[in-house]
Every structure is written in structure tokens, then in C-alpha cells.
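*Asks:*
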Amino acid sequence: MWRTGARLLVAGVIAVASCTRPRTEIVAVVDSEVAWGPDQRVQSVSVEVRRGGARGAVRVARTIVLGGGPGQAQLPLSVGLVPGDDGLDELVWIEVRGCATTSGCATGAAVVVQRALARYVEEQTLELPLLLASACVGATCAATERCEPVMGMRTCVAASTARVRSFPGRVEPLVGDASAGMDTPGIGTPDVGTPAPDTGTPDIGTPAPDAGTPDVGTPAPDVGTPAPDVGTPVPDVGTPDTGTPRADAGTPDVGTPVPDAGTVTCEPGLTACGSACRNLAIDSSSCGACYRACDLTNATSACQASMCRVVTCFSGYTDCNGVAADGCEADLRTSIAHCGACGRACAAPAGGAATCSGGACGQSCPSGQSVCAGACTNLMTDAANCGTCGSACTATQACVAGACMSRCSAGMQYIPAGMFLMGSTLEGPVHGVRLSAFCLDATEVTVTAYRRCPGCTAPATTSYCNWGVSGRDDHPINCVDWSQSRAYCQWQGGDLPTEAQWEYVRRGVSGRLFPWGNDAPSTQLCWNRFPTPASTCAVGSYPAGEFGLFDLEGNVSEWLADWLGPYSGTPDSYVLNPIGPASGTLRAVRGFTWSQMRTSDSAELMRASQRNGREPTVPDNLLGFRCAGVAR
Numbered sequence: 141m142w143r144t145g146a147r148l149l150v151a152g153v154i155a156v157a158s159c160t161r162p163r164t165e166i167v168a169v170v171d172s173e174v175a176w177g178p179d180q181r182v183q184s185v186s187v188e189v190r191r192g193g194a195r196g197a198v199r200v201a202r203t204i205v206l207g208g209g210p211g212q213a214q215l216p217l218s219v220g221l222v223p224g225d226d227g228l229d230e231l232v233w234i235e236v237r238g239c240a241t242t243s244g245c246a247t248g249a250a251v252v253v254q255r256a257l258a259r260y261v262e263e264q265t266l267e268l269p270l271l272l273a274s275a276c277v278g279a280t281c282a283a284t285e286r287c288e289p290v291m292g293m294r295t296c297v298a299a300s301t302a303r304v305r306s307f308p309g310r311v312e313p314l315v316g317d318a319s320a321g322m323d324t325p326g327i328g329t330p331d332v333g334t335p336a337p338d339t340g341t342p343d344i345g346t347p348a349p350d351a352g353t354p355d356v357g358t359p360a361p362d363v364g365t366p367a368p369d370v371g372t373p374v375p376d377v378g379t380p381d382t383g384t385p386r387a388d389a390g391t392p393d394v395g396t397p398v399p400d401a402g403t404v405t406c407e408p409g410l411t412a413c414g415s416a417c418r419n420l421a422i423d424s425s426s427c428g429a430c431y432r433a434c435d436l437t438n439a440t441s442a443c444q445a446s447m448c449r450v451v452t453c454f455s456g457y458t459d460c461n462g463v464a465a466d467g468c469e470a471d472l473r474t475s476i477a478h479c480g481a482c483g484r485a486c487a488a489p490a491g492g493a494a495t496c497s498g499g500a501c502g503q504s505c506p507s508g509q510s511v512c513a514g515a516c517t518n519l520m521t522d523a524a525n526c527g528t529c530g531s532a533c534t535a536t537q538a539c540v541a542g543a544c545m546s547r548c549s550a551g552m553q554y555i556p557a558g559m560f561l562m563g564s565t566l567e568g569p570v571h572g573v574r575l576s577a578f579c580l581d582a583t584e585v586t587v588t589a590y591r592r593c594p595g596c597t598a599p600a601t602t603s604y605c606n607w608g609v610s611g612r613d614d615h616p617i618n619c620v621d622w623s624q625s626r627a628y629c630q631w632q633g634g635d636l637p638t639e640a641q642w643e644y645v646r647r648g649v650s651g652r653l654f655p656w657g658n659d660a661p662s663t664q665l666c667w668n669r670f671p672t673p674a675s676t677c678a679v680g681s682y683p684a685g686e687f688g689l690f691d692l693e694g695n696v697s698e699w700l701a702d703w704l705g706p707y708s709g710t711p712d713s714y715v716l717n718p719i720g721p722a723s724g725t726l727r728a729v730r731g732f733t734w735s736q737m738r739t740s741d742s743a744e745l746m747r748a749s750q751r752n753g754r755e756p757t758v759p760d761n762l763l764g765f766r767c768a769g770v771a772r
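Numbering (the working numbering), first residue to last: 141 to 772.
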């Protein structure tokens, strides 16, 4: 019954093939829009042919494995059906199931099902197309209905509405198609009413003798010279001798040549594709070329003017680029370029990525970050979005673990990053300096603060030293050398400030002449008690400077971290966080002291660029210090 492109003729078919009348036959042509073959969605087809209708007796039930290998068939398949015992009155019911495995399937487990109910027309060969359409995948039509794809949409209609048309070619049925007993013939297995000849070595010239009475007296004639027993013709088993010897299965009756199934004459406008004629302009299984099926991406497709076109897109997909060969390439549910609609692109936040979920745009950031004002930010550390978006810390605060905290330890002032010209014509050269933000003690280190340092050594206690003197706890510690001063700052987690840091805070960013402003020195600082000085002053007794720092002038001079040496910078470039020379004999000291006399050149001695140096191992009652630290 099945025909896949080979030319098959067997004993018992000659009576049909040799007739002069046209054959009464239905050729069912099975094809698929769904991808088929090994590892594809449809790997085999199961076929049932019934008598009379959906509930009639089964004539054929077979499974065909699809592919190009041995024992496999390729689509389209052509099935030749000829009338059985009921003759022309017989209705032919056929169901084709596309199966996801090579072992076939039941109707309920099929990927796609197609059905038809047709009737023979005397002396006409009719083609019955059975297309496993993409639109019919998953369709649940009733047992007596077929799935009809209309403009890409599936519709269940009566199986009797199947369209038939004239078939221009010819499909040779296998053994059993023309016999009376053709209920369930198998592939390559003849009907039991017509014994199959020995296909390995057929006796071409001698008709088969009666199976119960072998002709032992007549030697086999030469194969090239047929010599039937003319006087005593032996009838075929189950077939009376009518005077016409049975032809050999390999040699058709020369009076009625059987056409080669691979050579098909088609009507104008049709092209022979195997055993079938196809309209390549509209046939979805052979669009523009034989067997080039329309199976566009994410779409139900159709052949229009020899080109595969999208009929309808699968749910959630659409065609945004207008390229037919791409099918419905855009998934509007997940595409960041076409989220919810063609051309609706999702914006990515700075430092993050755009997302599309369910057709709605979103934004994602690296782990631990959130989107604030179109940018990914860490709410644990971002001072502009501390803890929550838009919650900003002040300039003197840092965001620590999602909370605004002072950038500096208690008792220190935050000094923002800045640039300035350091030095003067007297302390040259003038050169550019750029400083990172840092912290600096608001006051000089006091006696009380120094006393808390467990590893610090005691200062000297000579004249005018504050260590051990009653009533001096809130005065600056003095009589300490450079190493003692630095050891205290390192215990606090910092260090002595550099010359550049000290001069920057002394100058400020507003161009003041003195820490308190532009007024000449008078009563704004602790000084001018000579020749009968009492002592230093309590820290913070006089107005603070621009950055909230006290006693940058007056009280005690301050040890700095650098060795005293020449500057090396230039005014046309800004050196980042400079430090002094690698070695020297004097450590840098800055600031006017409490014991200096008030003279006409006092203001000159209080210039911000004024430099001094002292031997680092020699303490002095005029020398104290303050500490610098790293800002959060």
C-alpha cells in the first residue's frame, strides 16, 4: 500500500496493471509542516485505514519511521488505496498521527493528527492531501473531524470535507491492495490469498505448479526460454487458470507497460516532486523547490509566490525586522530590544543591565547594588544614596553600612580634597599641589589626651612644660620630640600631617591672610606675653579658622611629618599628596608660638608659607603637635 519512491511490482497485481481501463484509486499524500526526521519533533507516522468511517473495521495499521537511513522513509509519502470487497460503495477513512518517537503512538499521545473520509470514483485516480499542519499541533478535534488550518488558525470540520483532486501520476500498490483480503497486510508481506513468488530466483517461464502436486517429471526449462506446460496449465493457488499464464513478478505484461513512478508527467504550472505533482508557488511542503518546507521560526507559515511567509506568529512572538526568512524572531516577553512591542527598547542603568520579563522593562544591577536615578549604586556606601535612594549624607559625613557617619574620628575635622599653589617667593618655588580628602585634629593634642596613650613616653618637665603641671590638662602637650609626637598619632591610627596638608588648611580656600580673617594680629591668638609669660593657653580659646581648626597660629608650633628640604614642584603642574625629602637633618615645623613678642614684623612671621625646622630629637616648650588621619 505504501509508496516512497521505489518501483514495486509483485505477483497478483498484474490483473490490475494490465487492464486497459483507468484504475479506480485514492492516493493519500502525507506531508508535514512540522519538523520531521531523526531527533526532530515528528520522528514517525502511525497510519490507520478503516472501512466505511471512523468506527469501521481496520484495513491497515502501520508505523513508518521517518528519515534518510535504511528502513526509514521520507516525506511526502504516497499511499495507494484501491477498493476492497465493498467496491465503489466503500468509504475510506484514514487517520495519520505524527509521533515524537520512532515507535509510533496512539491518537492521544500524537504531536499532531490529521484525518479524512473519502469515496472512490470509478476509473479515476484521486489525490487526497493529508498535511500535518503546524497550526494543528495540539488540536483536539472530535474523532469524526479533521483539523483545517485557515489563515494560520486551526478549525475543526467534518472529516468528509477533505478535498480530493485528480492525481496526474500513478502509485503502484503493494501486494494485497487489489485483493479481496486486504484488511491488515504488512509491508512487503503479500496477501494470504495470493502467494508471493520466490523473489530471489523466480521461475520466469514456468507457472507455479499446484503446491500439493509438484511437477517432478518436467525439468526446469532454460530461464531465457519460457516454456509453460501448454497442455496442462497449472492454476495459481487461490486463482483459477483462465487461460492467461501468470506473469513473473519482475516482468510486467508487455501489453500494458507500467510507468516508472519516478517519472511523472504534471499539468502546466505543477512540478514533479518524487511521485507527486506540486505547485511550487503555493505548496507549503515544497515552496519554490521540491521538499523545501515552510517551517519559519516561531510561526505558522504558508507558501506565497514561491516564498515562505508568516501567516501568524506563535503566542508571545512577532516579526519585528520584516525579514520573512527569520519568521517571528522577536519574543516580546523577553526581548530587551522589543519588550512588549516592536522597537520598545529597555534602558540599562549605568553600571547595570536592562531586563524584559513578561513584556515589561526592568533593570538589574550587580549583587549588592540597587538602581537609583538610572544608575547602579551601593546603598551601603554611597553618600548620595545612603541606606535608601535619595537619602544623602552631608559633606562631612560618609555612608558606612547604610548609615551616615562622620568622615573623621571624634575630635577631628574633615578636610575636603582640593588644589592650591604652595610656597612663595621667599619659600620657593611656588608649585601646584593637589590633596586628597583627609582628617585633622581640630585642636593641638592636649595633656589629658596624651596621658591616655598607654605606650607613649613621658614628656620633659623643664621650664614652661605642661606635663605634670596642675591646671594644664586642657593645654597643648609640649616638651615632646618628633618621635614621641608621631608615636601618639600612630596609636590613634593616623600620623603627623605633611607640610602640604598644614599649609593648605592654614591658607583655606577663601584666600584669608590669617586663620581668623584679614585683620592684623592682635587679640585673636594666644601670644605676646613676653617677657613675663605665664604659659600656653587652653586649646580652643580663640576663634577657629576656615575649616573649624583652632590655634594654627599662637599657642605652640607643631611638628610635621616631613624632613625640611627644597620644594621640587612647578606652578604649571599639580603634584598629588607630596611629601618632603627622603632624608634630612631637620623636621619641618609650622606655626607662630605663644611666647613670641609683638613686633612690627609679626604679621610677616605669620605668613601661611612661613617654614621652620627643628632637630627631631630635641623637645621644646614651644613645640607641640596635632594628628592627621584618613577620611572615610
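Note that beta-carbon positions come from the ideal geometry of N, C-alpha and C, so glycine has one too. None of the values given here were measured: they were computed from a predicted structure.
Starting from Arg647, follow the beta strand (DSSP E) in both directions and report where the run begins and ends.
*Replies:* Within the sequence shown, numbered from 1, the residue matching residue 647 stands at position 507. Premise fails: Arg647 lies in the alpha helix (DSSP H), 639 to 647, not in any beta strand (DSSP E).
*Asks:* Can you tell me which of the three DSSP states Gln624 falls into?
*Replies:* For the purposes of this step, residue 624 is taken as the residue at position 484 of the sequence shown. Gln624 falls in the helix class under three-state DSSP.
*Asks:* With distance defined between alpha-carbon atoms, name the residue in Gln254, Leu266, Glu263 nearest to Arg294.
*Replies:* For this step, residue 294 is matched to residue 154 along the sequence shown. Ranking the options by Cα distance to Arg294, first place goes to Gln254.
*Asks:* Identify, in the order they occur along the chain, each residue of the same chain with its Cβ nearer than 6 Å to the Cβ of Ser697, setting aside the five sequence neighbours on each side.
*Replies:* Indexing the sequence shown from 1 puts residue 697 at position 557. Within the same chain, Ser697 has close Cβ partners Val729, Gly731, Thr733, Leu762, Leu763.
*Asks:* Below 8 Å, can you find three or more Cβ-Cβ pairs linking the stretch 572 to 587 to the stretch 704 to 717?
*Replies:* Touching, per the Cβ criterion.
*Asks:* Short of 8 Å in beta carbon distance, which residues of its chain neighbour Thr301, apart from the five on each side in sequence? Order them along the chain.
*Replies:* Position 161 of the sequence shown holds residue 301. The residues are Arg286, Glu288.
*Asks:* Pick helix, strand or coil for Gln630, following the three-state DSSP scheme.
*Replies:* To locate residue 630, count along the sequence shown from 1; it is residue 490. Reduced to three states, the DSSP call for Gln630 is helix.
*Asks:* So, for Gly462: in the same chain, excluding its five sequence neighbours on each side, which residues have a beta-carbon less than 7 Å away from its beta-carbon?
*Replies:* Counting from 1 along the sequence shown, the entry for residue 462 is found at position 322. Taking C-beta separations shorter than 7 Å and ignoring five residues to either side along the sequence, Gly462 has no partners in its chain.
*Asks:* For the stretch 257 to 269 and the stretch 172 to 179, state whether three or more C-beta atom pairs, one from each stretch, are separated by less than 8 Å.
*Replies:* no
*Asks:* Mind the definition here: the stretch 612 to 624 touches the stretch 745 to 760 only if three or more C-beta pairs lie below 8 Å; say whether that holds.
*Replies:* yes
*Asks:* On the premise that Gly530 lies in contact with Pro489, defined as a C-beta separation below 8 Å, what is that separation, rounded to the nearest angstrom?
*Replies:* Looking up residue 489 in the sequence shown gives position 349. Looking up residue 530 in the sequence shown gives position 390. With 8 Å as the limit, Pro489 and Gly530 do not qualify as a contact, their Cβ atoms being about 15 Å apart.
*Asks:* Apart from the five residues just before and just after Ser610, which ones in its own chain have a Cβ nearer than 7 Å to its Cβ?
*Replies:* Within the sequence shown, residue 610 is the residue found at index 470, counting from 1. So the list is empty, once near-sequence residues are dropped.
*Asks:* Can you tell me whether DSSP reads Ala120 as helix, strand or coil?
*Replies:* Given that the chain is displayed from residue 141 to residue 772, the structure contains no residue 120 and the question cannot be resolved.
*Asks:* Could you give the residue range of the alpha helix (DSSP H) that holds Leu745?
*Replies:* For the purposes of this step, residue 745 is taken as the residue at position 605 of the sequence shown. Looking at the DSSP string, the run of the alpha helix (DSSP H) that includes Leu745 is 742 to 745.
*Asks:* Can you tell me whether DSSP reads Gly502 as helix, strand or coil?
*Replies:* In the sequence shown, residue 502 corresponds to position 362, counting from 1. Strand, per DSSP.
*Asks:* Does the CB of Trp631 have a neighbour CB from chain C at under 8 Å?
*Replies:* In the displayed structure, chain C is absent; only one protein chain is listed.
*Asks:* Give the DSSP bridge partners of Gln254, in chain order.
*Replies:* As a working note, residue 254 is residue 114 in the sequence shown. According to DSSP, which records beta bridges pairwise, Gln254 is partnered with Val236.
*Asks:* Kindly indicate the opening and closing residues of the beta strand (DSSP E) around Arg484.
*Replies:* By one-based count along the sequence shown, residue 484 stands at place 344. Boundaries for Arg484: no beta strand (DSSP E) harbours it, and the DSSP string shows neither H nor E there.
*Asks:* Would you say Val174 and Leu257 are within 8 Å of each other, going by their C-beta atoms?
*Replies:* Within the sequence shown, numbered from 1, the residue matching residue 174 stands at position 34. Within the sequence shown, numbered from 1, the residue matching residue 257 stands at position 117. Their beta carbons are not under 8 Å apart, which means Val174 does not touch Leu257 by this criterion.
*Asks:* Excluding five sequence neighbours on each side, which residues of the same chain lie with their C-beta closer than 7 Å to the C-beta of Trp699?
*Replies:* The residue you call residue 699 lines up with position 559 of the sequence shown. Excluding positions up to five away in sequence, the list reads Trp622, Ser625, Leu636, Arg727, Val729, Leu763, Phe765.
*Asks:* For Gly688 versus Gln553, is the C-beta spacing smaller than 8 Å?
*Replies:* On the sequence shown, position 548 is the one that residue 688 refers to. On the sequence shown, position 413 is the one that residue 553 refers to. Yes; because the gap between Cβ atoms is below 8 Å, this pair is in contact.
*Asks:* Run the CB neighbour count on Gly208, radius 10 Å, all protein chains shown included, and call it buried at 16 or more, exposed below.
*Replies:* On the sequence shown, position 68 is the one that residue 208 refers to. It is exposed - the Cβ of Gly208 has fewer than 16 other Cβ atoms within 10 Å.
*Asks:* Do you know how far the Cα of Thr521 is from the Cα of Glu639?
*Replies:* Within the sequence shown, the letter at position 499 stands for residue 639. Within the sequence shown, the letter at position 381 stands for residue 521. If you take the alpha carbons of Glu639 and Thr521, they lie about 31 Å apart.
*Asks:* Among residues of its own chain, excluding the 5 on either side of Asp760, which ones have a beta-carbon nearer than 6 Å to its beta-carbon?
*Replies:* For the purposes of this step, residue 760 is identified with residue 620 of the sequence shown, where counting begins at 1. Nothing meets the Cβ criterion.
*Asks:* The alpha helix (DSSP H) spanning Tyr590 covers which residue range?
*Replies:* The residue given as residue 590 occupies position 450 in the sequence shown. Where Tyr590 is concerned, the enclosing alpha helix (DSSP H) stretches over 587 to 591.
*Asks:* Any chance the stretch 427 to 434 sits against the stretch 405 to 414, with 3 or more Cβ pairs inside 8 Å?
*Replies:* yes
*Asks:* Please report the Cβ distance between Gly527 and Gly542, rounded to the nearest whole angstrom; I am assuming they are in contact, meaning their Cβ atoms lie under 8 Å.
*Replies:* On the sequence shown, residue 527 is found 387 positions in, with the first residue counted as 1. On the sequence shown, residue 542 is found 402 positions in, with the first residue counted as 1. The pair is a contact, with the Cβ atoms about 4 Å apart (cut-off 8 Å).
*Asks:* Just to confirm the assignment: which complete beta strand (DSSP E) runs, minimum length 3, are found wholly within the stretch 690 to 718?
*Replies:* 697 to 703, 714 to 716
*Asks:* Rounded to whole angstroms, what is the Cα-Cα separation between Ser446 and Gly278?
*Replies:* As a position in the sequence shown, residue 446 is number 306, starting the count at 1. As a position in the sequence shown, residue 278 is number 138, starting the count at 1. Those two C-alpha atoms are separated by around 28 Å.
*Asks:* Alpha carbon to alpha carbon, how far is Gln736 from Ser549?
*Replies:* The residue you call residue 736 lines up with position 596 of the sequence shown. The residue you call residue 549 lines up with position 409 of the sequence shown. If I take the Cα positions, the gap works out to 33 Å.
*Asks:* Could you check where the beta strand (DSSP E) with Arg473 kicks off and where it finishes?
*Replies:* On the sequence shown, residue 473 is found 333 positions in, with the first residue counted as 1. Annotation for Arg473: no beta strand (DSSP E) segment contains it, and DSSP assigns it neither H nor E.
*Asks:* Taking C-beta to C-beta, are Phe560 and Arg473 nearer than 8 Å?
*Replies:* The residue given as residue 560 occupies position 420 in the sequence shown. The residue given as residue 473 occupies position 333 in the sequence shown. The answer is no: Cβ separation not under 8 Å.
*Asks:* What separation, rounded to the nearest whole angstrom, lies between the Cα atoms of Cys239 and Cys296?
*Replies:* Within the sequence shown, the letter at position 99 stands for residue 239. Within the sequence shown, the letter at position 156 stands for residue 296. Straight across, the Cα-Cα distance linking Cys239 with Cys296 is about 20 Å.
*Asks:* Taking Gln537 as part of the beta strand (DSSP E), name the residues at either end of that continuous run.
*Replies:* Here residue 537 corresponds to residue number 397 of the sequence shown, with the count starting at 1. Where Gln537 is concerned, the enclosing beta strand (DSSP E) stretches over 537 to 540.
*Asks:* So for Asp635, helix, strand or coil by DSSP?
*Replies:* Stepping through the sequence shown from its first residue, residue 635 is reached at position 495. Of the three classes helix, strand and coil, the one that applies to Asp635 here is strand, per DSSP.
*Asks:* Between the Cα of Arg199 and those of Cys767, Val185, Leu221, Val205, spot the shortest distance and give me the residue it belongs to.
*Replies:* Taking the first residue of the sequence shown as 1, we reach residue 199 at position 59. The option with the nearest alpha carbon to Arg199 is Leu221.
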